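J.: Attaching a single structure in structure tokens format; questions to follow.
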Amino acid sequence: MDFTGYLSVLVCFFCGGLAMEGPELILPKDWHLPRLDPVRIGYKRYYSIFKATAKQDKTHSNIITISSKPPIFEIPKFLTSEECDHLIMYSKRVGFKPSPQIKDSTEINEETSQKTFDIWDYDKDGFISPREIAWLPGKADIYLTDADVLKMFDDLKMDTNGDGLIDFEEFQKVTVPAIVEYFDELRRIPRMRSRNSEQAWMFHDNPKYPLLADFHGRLERLTGLPMHVIRHSEPVQVVKYGVHGHYHSHHDSDDVNSTVPCCTLHREEECRLCRYITVLVFLNEPLEGGETAFPFANNKTFDQEALKSEGYKLNLAKHCHDGNLYIKPKKGKAIMWYNHYRDGNTGWLGKLDERTYHGGCDVIQGTKWIANMWLDVIGSSGSEESFKGWLHADEGMDTLLKTKTEKKTEDDKPKEEL
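Residue numbers (mature numbering (1 follows the signal peptide of the UniProt record, and there is no 0)): -19 to -1, 1 to 399.
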């Protein structure tokens, strides 16, 4: 998980807050994950995002469908201007660290051989093209345009005949280790990195900061998820992007895999992200750039072949406006989407929706601030683990239930007359 280093800060936040409450079995076993019907692009719902008070008994916000596949919704006034400013101010107090890069479990085979050449030559036409280099497994943390690759061909004197392609004879003249070393040098260039930003983490129900007190209720009314699930999801992540700051297209969650457990507060390795819903909020408006883009939103079909042919759209430093949907930052506006389908049989977390590829386009002028709120669904439908949250999923449910039962039994005993 990419919140390593903030654990001690988060533990401090949890003390005295609602998050210290243990998990409770508040959901029936036949409960299904809530999910808004997108209906159609442009469809509006009038929704009471803010809890009614004497001062704002009729405060509503629109929930506007901006994509149907995947379902993506825009909420123009999710946070007030003051709340946005407060989040920025508080995140500065917490302190920022560079955002980690996308991890790639694949390693480049450094053997300069026909076998390696064949692996790199995806379309098996006998040549390695710039597009095939850009899609090379093992370098997912850097994004290259065709022009970047052609420059690499020139710098390494690979393309001896100048046709913009590399045949096996040319491949043999430059060793694979030399190419890998070239990639390592490119990682020092911010534009090339998968991610160029800074981040801070904070728990969003700290009683010391009353301005944030309604976040849980607001998310509950927006998503339909129970308060218990929301309270025990991940802390808020505030991200700062300077000029040339970006985050190339990625998924927020991982596909369902019964052999790999969900990541939690105390489980950060050998796990998968189980983020059912993402709520992204713009905290300011940069002078230029910084859109959030969904390159494949509303694609009629989407598969790995389509990804190969349109993969250049993932590079949001260069192709922000080439995708199907991009959203200009507006202070206080939220974007909500479902990272997973809902399983038709269990009503629970289904397979990852591949169309949810998204990212942050280059900031051209100014600074961009956003907040990410991820709502996690842990475990499988009907299991004890399914009722635990990201904060407490590693605690023994049997022990907790036993403690609650013993306490209730003790309380129910008749009291002796004094």
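Glycine included, C-beta positions come from ideal geometry on N, C-alpha and C.
Just so it is clear, the structure is predicted and the values come from calculations on it, not from any experiment.
Using CA coordinates, which residue listed in LEU356, PRO310, LYS312, GLY328 is at the minimum distance from VAL260?
T.: The sequence position of residue 260 within the sequence shown is 279, counting from 1. The residue with the shortest Cα to Cα distance from VAL260 is LEU356.
J.: Between the Cα of GLU63 and the Cα atoms of THR141, PHE196, LEU14, GLY313, which residue gives the shortest distance?
T.: In the sequence shown, counting from the first residue as 1, residue 63 sits at position 82. Nearest of THR141, PHE196, LEU14, GLY313 to GLU63, Cα basis: GLY313.
J.: Could you tell me the alpha carbon to alpha carbon distance between PRO267 and THR273, rounded to whole angstroms?
T.: For the purposes of this step, residue 267 is taken as the residue at position 286 of the sequence shown. For the purposes of this step, residue 273 is taken as the residue at position 292 of the sequence shown. If you take the alpha carbons of PRO267 and THR273, they lie about 12 angstroms apart.
J.: For a test of the three-state rule: what should DSSP assign to TYR322, helix, strand or coil?
T.: By 1-based counting over the sequence shown, the position of residue 322 is 341. In this structure, TYR322 counts as strand in the three-state DSSP scheme.
J.: I'd like the list of long-range same chain contacts for TYR338, defined as Cβ closer than 8 angstroms, with 5 residues on each side in sequence excluded.
T.: Numbered from 1 along the sequence shown, position 357 holds the residue referred to as residue 338. Answer for TYR338: SER230, HIS231, HIS232, PHE275, PRO276, PHE277, LEU295, listed in chain order.
J.: Out of PRO57, VAL20, LEU14, which one is the CA nearest neighbour of LYS309?
T.: By one-based count along the sequence shown, residue 309 stands at place 328. When each option's Cα is compared against that of LYS309, the closest is PRO57.
J.: Tell me the start and end of each unbroken alpha helix (DSSP H) in the stretch 43 to 90 that is at least 4 residues and wholly inside, in chain order.
T.: The qualifying runs are 62 to 75.
J.: In the DSSP assignment, what residue or residues form a beta bridge with ALA181?
T.: Here residue 181 refers to the residue found at position 200 of the sequence shown. ALA181 pairs with VAL219.
J.: So is GLN218 buried or exposed if we call it buried at 16+ other beta carbons inside 10 Å?
T.: For the purposes of this step, residue 218 is taken as the residue at position 237 of the sequence shown. The residue is buried, with at least 16 neighbouring Cβ atoms inside 10 Å.
J.: Excluding the 5 residues flanking ASP38 on each side, which residues of the same chain have their C-beta closer than 8 angstroms to its C-beta?
T.: On the sequence shown, residue 38 is found 57 positions in, with the first residue counted as 1. Because ASP38 carries a pLDDT of 44, less than 50, the predicted location of this residue cannot be relied on, and the following value inherits that uncertainty. None.
J.: Here's the rule: buried if 16 or more other CB atoms are within 10 angstroms of the residue's CB, otherwise exposed. What is ALA159?
T.: Working through the sequence shown from its first residue, we reach residue 159 at position 178. Exposed.
J.: Write down the C-beta distance between ASN353 and ASP334 rounded to the nearest angstrom, noting that I regard them as a contact closer than 8 angstroms.
T.: On the sequence shown, residue 353 is found 372 positions in, with the first residue counted as 1. On the sequence shown, residue 334 is found 353 positions in, with the first residue counted as 1. No, ASN353 and ASP334 are not in contact; Cβ-Cβ is about 17 angstroms, not under 8 angstroms.
J.: Express the C-alpha separation of THR97 and TYR293 in angstroms, rounding to a whole number.
T.: Here residue 293 is taken as the residue at index 312 of the sequence shown, counted from 1. Here residue 97 is taken as the residue at index 116 of the sequence shown, counted from 1. Going by the C-alpha atoms only, they are around 23 angstroms apart.
J.: Is HIS231 helix, strand or coil by DSSP?
T.: Against the sequence shown, residue 231 aligns to sequence position 250. Looking at HIS231 - three-state DSSP - the assignment turns out to be strand.
J.: Pairing CB atoms from the stretch 49 to 56 with CB atoms from the stretch 12 to 20, are three or more of them under 8 angstroms?
T.: Contact holds: three or more Cβ-Cβ distances are below 8 angstroms.
J.: Cα-Cα, which of LEU372, GLY270, MET208 is closest to LEU246?
T.: Locating residue 246 in the sequence shown gives position 265, where the first residue counts as 1. Taking only the C-alpha atoms, the option nearest LEU246 is LEU372.
J.: Roughly how many angstroms separate the alpha carbons of TYR257 and GLY143, rounded to a whole number?
T.: Start at 1 with the first residue of the sequence shown, and residue 257 comes out as number 276. Start at 1 with the first residue of the sequence shown, and residue 143 comes out as number 162. Distance between the alpha carbons of TYR257 and GLY143 is about 48 angstroms.
J.: Return the residue from the list VAL130, PHE196, MET133, LEU206 that minimises the CA-CA distance to TRP12.
T.: The sequence position of residue 12 within the sequence shown is 31, counting from 1. Checked all of VAL130, PHE196, MET133, LEU206; the closest Cα to TRP12 is LEU206.
J.: Just grab the DSSP bridge partners of ARG176 for me.
T.: Reading the sequence shown from its first residue, position 195 is the one you call residue 176. Note: ARG176 sits in a beta bridge opposite TYR228.
J.: Taking just the CA atoms, how far does HIS41 sit from LYS25?
T.: Residue numbering aside, residue 25 sits at position 44 when the sequence shown is read from its first letter. Residue numbering aside, residue 41 sits at position 60 when the sequence shown is read from its first letter. Approximately 12 angstroms between the Cα atoms of the pair.
J.: Within 10 Å of its beta-carbon, does VAL262 have 16 or more other beta-carbons around it, so buried, or fewer, so exposed?
T.: Your numbering for residue 262 matches position 281 in the sequence shown. That one is buried.
J.: Note down the Cα distance separating GLY270 from ASP303, rounded to an integer number of angstroms.
T.: As a working note, residue 270 is residue 289 in the sequence shown. As a working note, residue 303 is residue 322 in the sequence shown. So the two alpha carbons sit approximately 14 angstroms from each other.
J.: Return the Cβ separation of VAL161 and ILE69 in integer angstroms, given the expectation that the two are a contact with Cβ distance under 8 angstroms.
T.: One-based indexing of the sequence shown puts residue 161 at position 180. One-based indexing of the sequence shown puts residue 69 at position 88. Not quite, the Cβ-Cβ distance comes to about 40 angstroms (not below 8 angstroms), so this is no contact.
J.: Any heavy atom of the ligand FAD closer than 7 angstroms to the Cβ of ARG172?
T.: Among the components of this structure there are no ligands whatsoever, and the ligand FAD is therefore not found.
J.: From the DSSP output, read off the bridge partner residues of ILE147.
T.: Along the sequence shown, one-based indexing puts residue 147 at 166. ILE147 is bridged to ILE109.
J.: Taking the alpha-carbon of PHE77 as reference, which of THR282, TRP350, ASN43, LEU297 has the nearest alpha-carbon?
T.: Here residue 77 refers to the residue found at position 96 of the sequence shown. The option with the nearest alpha carbon to PHE77 is TRP350.
J.: Apart from the five residues just before and just after CYS252, which ones in its own chain have a Cβ nearer than 7 angstroms to its Cβ?
T.: Within the sequence shown, numbered from 1, the residue matching residue 252 stands at position 271. Only VAL241, PRO242, CYS243, CYS244 meet the Cβ criterion.
J.: Quick one: grab the DSSP three-state call for THR34.
T.: Against the sequence shown, residue 34 aligns to sequence position 53. Residue placement at THR34 is flagged as unreliable, the pLDDT there being 49, under the threshold of 50; the coordinate-derived value follows with that caveat. Note: THR34 maps to coil in three-state DSSP.
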